[in-house]
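Numbering (our numbering), first residue to last: 0 to 353.
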């Protein structure tokens with residue numbers, strides 16, 4: 000009998016087991032995440048599993064709200080044990096949700112706990128996990144999962160004092176200027192900051208937007224400056240942010256109140272790429288991440304016209320078993336699966352590397 004959420008999870012045949020055996024010891028290259036580089040540098044230790052899991056993971060927060068948990072136990076004043084017990088109570092309701100799978104995988108692979116987390120087992124698992132955490136730190140977790148490279152997400156005016164080679168991990172910044180664009184920052188100043196990022200080892204720029212606008216000067220600026228510096232540009236689009244104004248006011252951004260938009264206009268993206276390709280004589284490497292998987296086929300076809308463009312790994316609302324499968328199938332059918340860049344975490348949690 001297979002262990003509950005043990006090593007053979009999702010390995011349903013001999014071919015799957017063989018593939019996993021071949022790759023399980025490869026290092027992790029996490030080229031897009033939202034981890035705290037200061038916590039890596041300081042080798043932060045977590046007081047308890049509640050802090051590890053619930054201090055900033057909006058996936059878990061969203062799931063708790065879906066199950067009727069009061070905000071006091073999510074982002075409110077309750078202590079971490081109270082929050083953990085509430086999370087444990089609702090976890091059985093999440094069967095089929097990736098949060099259920101992630102949580103049980105983390106219990107198994109980090110803490111060696113192979114039993115279901117629920118209301119009845121919560122106290123025991125709380126004590127057992129916290130005992131294990133006494134011997135673990137952020138750098139210890141990264142080493143455990145063979146993480147070799149981490150690209151954080153950083154404001155252009157970040158001093159980047161916490162990036163570098165830390166505990167055997169290359170921690171590098173990513174240039175993310177969305178907010179500065181909205182504020183009207185001068186492009187000349189942003190270009191100076193981009194050069195500073197490059198000196199600090201930055202190889203990637205990110206850009207997130209709701210709709211594709213054929214006249215988007217910021218996108219054009221990023222394409223041209225990434226091409227000039229041989230950087231990779233990642234485009235995240237189709238997001239409708241902070242749709243619950245009352246809860247945004249209470250909890251702030253990135254708290255679980257963003258949703259996906261409907262289909263986006265890939266025609267406009269194609270026109271921008273065509274224009275810039277002609278102007279520059281080429282394009283930078285570009286990774287596209289549509290939040291609505293409805294757009295995957297159109298974007299997969301687009302990669303055939305502009306081979307510098309790749310489909311990004313399934314992320315956010317697509318980061319499910321079926322979502323990842325759809326993304327891989329689309330990349331295989333409409334693009335070239337063997338040329339894809341592989342998975343990322345897009346995570347704020349150090350336990351996500353399971």
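Ideal Cβ positions, reconstructed from N, Cα and C, are used throughout, including at glycine.
1) Please return the same chain residues whose Cβ sits closer than 8 Å to the Cβ of residue 108, not counting the five positions on each side in sequence.
2) Distance cutoff 8 Å, beta carbons only. Does residue 141 sit that close to anything in chain D?
3) Could you tell me the boundaries of the beta strand (DSSP E) in which residue 174 lies?
4) Quick check on the burial criterion: 16 or more other C-beta atoms within 10 angstroms. Buried or exposed for residue 3?
5) Would you check if the region 57 to 72 and the region 253 to 263 touch, i.e. whether three or more CB-CB distances between them fall below 8 Å?
6) Is the beta carbon of residue 295 less than 8 Å from the beta carbon of residue 236?
7) What residue range does the beta strand (DSSP E) around residue 303 cover?
8) Taking residue 148 and residue 273 to be in contact with their CB atoms under 8 Å, please state how far apart those CB atoms are, rounded to whole angstroms.
9) Ends of the beta strand (DSSP E) at residue 396?
10) Just reading off the alpha helix (DSSP H) that residue 289 is part of, what are its end residues?
11) Mind checking residue 205: buried by the 16 CB within 10 Å criterion, or exposed?
12) Three Cβ pairs or more, each shorter than 8 Å: is that satisfied between the region 165 to 177 and the region 191 to 208?
13) So, using beta-carbon positions, are residue 320 and residue 285 closer together than 8 Å?
14) Taking buried to mean at least 16 other C-beta atoms within 10 Å of its own C-beta, is residue 278 buried or exposed?
15) For the candidate residues 98, 156 and 91, whose alpha-carbon lies nearest to that of residue 188?
16) Taking one C-beta from the region 177 to 187 and one from the region 132 to 148 each time, how about it: are there three or more such pairs within less than 8 Å?
17) On a CA-only basis, which of 75, 111 and 211 is nearest residue 251? Give me that one, please.
18) From the DSSP output, which residues share a beta bridge with residue 204?
19) Could you tell me how far apart the beta carbons of residue 170 and residue 151 are, in whole angstroms, since I believe they sit closer than 8 Å?
20) Per DSSP, which one or two residues make a beta bridge with residue 310?
21) Given this structure, state the Cα-to-Cα distance separating residue 332 from residue 322, to the nearest angstrom.
22) For residue 239, which beta-bridge partners are listed by DSSP?
23) Could you spell out the range, first to last residue, of the alpha helix (DSSP H) harbouring residue 139?
24) When the Cα atoms are used, what is the spatial distance from residue 229 to residue 283?
25) Taking the DSSP output, what are the residues bridged to residue 78?
26) Apart from the five residues just before and just after residue 265, which ones in its own chain have a Cβ nearer than 8 Å to its Cβ?
27) Check the DSSP bridge columns for residue 164 and list the partner residues they point to.
28) Which partner residues does residue 153 have in the DSSP bridge list?
29) Going by DSSP in three states, residue 29 sits in which element: helix, strand or coil?
30) Looking at the secondary structure, which residues open and close the alpha helix (DSSP H) in which residue 342 lies?
31) What did DSSP end up calling residue 68 once you bin it into helix, strand or coil?
32) Would you kindly work out how many angstroms separate the C-alpha atoms of residue 338 and residue 111, rounded to a whole number?
33) Determine the direct distance from the alpha carbon of residue 79 to that of residue 349, and round the result to whole angstroms.
34) Roughly how many angstroms lie between the CA atoms of residue 92 and residue 68, to the nearest whole one?
35) Determine the direct distance from the alpha carbon of residue 12 to that of residue 18, and round the result to whole angstroms.
Quick answer:
1) Indexing the chain shown from 1 puts residue 108 at position 109. Result list for residue 108: 353, in chain order.
2) As a matter of chain content, chain D is missing from the structure shown, which is built from one protein chain.
3) In the chain shown, the residue the question calls residue 174 occupies position 175. 173 to 175 is the span of the beta strand (DSSP E), which, as asked, contains residue 174.
4) Residue numbering aside, residue 3 sits at position 4 when the chain shown is read from its first letter. When all chains shown are included, residue 3 counts as exposed.
5) yes
6) On the chain shown, residue 295 is found 296 positions in, with the first residue counted as 1. On the chain shown, residue 236 is found 237 positions in, with the first residue counted as 1. Not a contact, by the Cβ cut-off of 8 Å.
7) By one-based count along the chain shown, residue 303 stands at place 304. Looking at the DSSP string, residue 303 is not in any beta strand (DSSP E); the run it does join, the alpha helix (DSSP H), is 295 to 304.
8) For the purposes of this step, residue 148 is taken as the residue at position 149 of the chain shown. For the purposes of this step, residue 273 is taken as the residue at position 274 of the chain shown. Not a contact, Cβ separation roughly 33 Å.
9) The first residue shown for the chain is 0 and the last is 353, placing residue 396 beyond what the model contains.
10) Numbered from its first residue, the chain shown carries residue 289 at position 290. From DSSP, residue 289 is part of no alpha helix (DSSP H) but of the beta strand (DSSP E) over 284 to 289.
11) Within the chain shown, numbered from 1, the residue matching residue 205 stands at position 206. Label assigned to residue 205: buried.
12) yes
13) Position 321 of the chain shown, counting from 1, holds the residue named residue 320. Position 286 of the chain shown, counting from 1, holds the residue named residue 285. Contact flag unset, no.
14) Along the chain shown, one-based indexing puts residue 278 at 279. Exposed: under 16 other Cβ atoms inside 10 Å.
15) Here residue 188 corresponds to residue number 189 of the chain shown, with the count starting at 1. Nearest of 98, 156 and 91 to residue 188, Cα basis: 156.
16) no
17) Looking up residue 251 in the chain shown gives position 252. Nearest option by C-alpha distance: 75.
18) Here residue 204 refers to the residue found at position 205 when the chain shown is read from its first residue. Note: residue 204 sits in a beta bridge opposite 174 and 232.
19) Numbered from 1 along the chain shown, position 171 holds the residue referred to as residue 170. Numbered from 1 along the chain shown, position 152 holds the residue referred to as residue 151. Sure, about 7 Å apart at Cβ, within 8 Å.
20) Against the chain shown, residue 310 aligns to sequence position 311. For residue 310, which the question treats as bridged, DSSP gives the partners 287.
21) If you number the chain shown from 1, residue 332 lands on position 333. If you number the chain shown from 1, residue 322 lands on position 323. Computed Cα separation, rounded: 15 Å.
22) Looking up residue 239 in the chain shown gives position 240. 258, per the DSSP bridge assignment.
23) Numbered from 1 along the chain shown, position 140 holds the residue referred to as residue 139. That run of the alpha helix (DSSP H) goes 137 to 143.
24) Sequence index remark: in the chain shown, residue 229 carries index 230 (1-based). Sequence index remark: in the chain shown, residue 283 carries index 284 (1-based). Roughly 6 Å between the two C-alpha positions.
25) What you label residue 78 is simply residue 79 of the chain shown in a count that begins at 1. Partner(s): none; residue 78 has no beta bridge.
26) If you number the chain shown from 1, residue 265 lands on position 266. Only 211, 294, 297, 298 and 301 meet the Cβ criterion.
27) Residue 164 sits at position 165 when you count from the first residue of the chain shown. Answer by DSSP bridge pairing, in chain order: 169.
28) Position 154 of the chain shown, counting from 1, holds the residue named residue 153. Beta-bridge pairing links residue 153 to 174.
29) Looking up residue 29 in the chain shown gives position 30. Here residue 29 sits in strand by DSSP.
30) In the chain shown, residue 342 corresponds to position 343, counting from 1. Premise fails: residue 342 is in no alpha helix (DSSP H) and is neither H nor E.
31) Taking the first residue of the chain shown as 1, we reach residue 68 at position 69. In the structure shown, residue 68 sits in coil (DSSP, three-state: anything other than H, G, I, E or B).
32) Taking the chain shown and counting its residues from 1, one reaches residue 338 at position 339. Taking the chain shown and counting its residues from 1, one reaches residue 111 at position 112. Cα to Cα, the separation comes out at about 35 Å.
33) Your numbering for residue 349 matches position 350 in the chain shown. Your numbering for residue 79 matches position 80 in the chain shown. When rounded, the distance between both Cα atoms is 17 Å.
34) Residue numbering aside, residue 92 sits at position 93 when the chain shown is read from its first letter. Residue numbering aside, residue 68 sits at position 69 when the chain shown is read from its first letter. C-alpha separation (whole angstroms): 12 Å.
35) As a working note, residue 18 is residue 19 in the chain shown. As a working note, residue 12 is residue 13 in the chain shown. Cα to Cα, the separation comes out at about 10 Å.
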